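S.K.: Residue numbers (the numbering used here): 8 to 330.
Don't be surprised by glycine CBs; every beta carbon is placed ideally from N, CA and C.
Everything numeric in this text was worked out from a predicted model, so none of it was measured.
The structure under discussion is supplied below as structure tokens; questions concerning it will follow.
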């Protein structure tokens, strides 16, 4: 009797730029409204690809003894963990492993910002003045004329969206509430896609993919595959650091003292948002900040209390997204 006992269909399905989203709440609003200003940023990722985003064959799926919110927080705004948690990576000669890794250019070359949005979405380690495309141009010169042409074609596509989006160029770290994370440092590096699937209050299952531009030069595709395996995979030199953090933070908060104490998320609480980027949506804060984390948890807590989610104190009108 499949009509009565078959699998339940997801009542709301919608796609944005090839990403398929489902919602079990049949009375929820539209996907476009839910994404809000995050669409402006997703358009950068989607439209920069000459042939569309292509998932590299294979998926990594593994279990972690940690709470899913810690993993989402890591991508929504946890910028200060980088130098400490990945200190061993900073100590390596990253240029020899992969010249396209942004760690090579971090010191003195890039000015970063954090960006928070309604509905708990957030991105971190953003550049807004065209620095990342300049880094890609430098790298492309070393990789050959085909890659130089490719970077310029990607930039031209983004200019058709807007000059501001072309200056952003890439989405280094971000999380779409609740549990879909992205990293995208460069047109020459892999796109990391992560789904943090809750398996209980202290356990999660990670679904992880690497993607690239379908029409990227083969040398770029090869470097993307090697880079993701070397850095972000379960056996890489970055991914396991984060997994250990997810587990240790969850375990620490479950102890007697951890249950008595509150986390402190006051960093930059009294600081005004960054001004001068009126054509960039969302609340822009200096790097490093906890504005994104505060909004993420405020939104989650309000939903758990039966509300409709938290809104930002500072916000701008939504800018038109493409598509």
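Which of the three DSSP states, helix, strand or coil, is assigned to residue 35?
M.R.: As a first step, residue 35 must be located in the chain shown, where it is residue number 28. Coil, per DSSP.
S.K.: Indicate the three-state DSSP secondary structure (helix, strand or coil) for residue 62 in the structure shown.
M.R.: Here residue 62 corresponds to residue number 55 of the chain shown, with the count starting at 1. In this structure, residue 62 counts as strand in the three-state DSSP scheme.
S.K.: Please name the residue, chosen from 160, 73, 199 and 120, that lies closest to residue 87 on a Cα-to-Cα basis.
M.R.: Working through the chain shown from its first residue, we reach residue 87 at position 80. The candidate whose alpha carbon is nearest that of residue 87 is 120.
S.K.: How about residue 124 and residue 289: do their beta carbons lie closer than 8 Å?
M.R.: Translated into positions along the chain shown, residue 124 becomes position 117. Translated into positions along the chain shown, residue 289 becomes position 282. In contact: residue 124 and residue 289 (Cβ atoms closer than 8 Å).
S.K.: Should residue 292 be labelled buried (16 or more other beta-carbon atoms within 10 Å of its own) or exposed?
M.R.: Locating residue 292 in the chain shown gives position 285, counting from the first residue. So residue 292 ends up on the buried side.
S.K.: With a cut-off of 8 Å, do at least 3 Cβ pairs link the stretch 267-286 to the stretch 140-149?
M.R.: no
S.K.: Grouping DSSP H, G and I as helix and E and B as strand, with all else coil, what is residue 295?
M.R.: The residue labelled residue 295 in the question sits at position 288 within the chain shown. Residue state, collapsed to three classes: coil.
S.K.: Taking just the CA atoms, how far does residue 249 sit from residue 260?
M.R.: As a working mapping, residue 260 is identified with position 253 in the chain shown. As a working mapping, residue 249 is identified with position 242 in the chain shown. Cα to Cα, the separation comes out at about 17 Å.
S.K.: Beta carbon of residue 29, beta carbon of residue 53: below 8 Å?
M.R.: The residue given as residue 29 occupies position 22 in the chain shown. The residue given as residue 53 occupies position 46 in the chain shown. Taking 8 Å as the Cβ cut-off, residue 29 and residue 53 do not qualify as a contacting pair.
S.K.: If I measure Cβ to Cβ from residue 253 and keep anything under 6 Å in the same chain, skipping five residues before and after, which residues do I get?
M.R.: Position 246 of the chain shown, counted from the start, is the residue given in the question as residue 253. For residue 253, the CB contacts under 6 Å within the same chain, skipping 5 residues up- and downstream, are 71, 73, 77 and 78 in chain order.
S.K.: Within the continuous alpha helix (DSSP H) that includes residue 168, where are the two ends?
M.R.: Here residue 168 is taken as the residue at index 161 of the chain shown, counted from 1. Its alpha helix (DSSP H) spans residues 152-168.
S.K.: Within the chosen definition, does the stretch 228-245 reach the stretch 192-204 through at least 3 CB pairs nearer than 8 Å?
M.R.: Segments in contact, yes.
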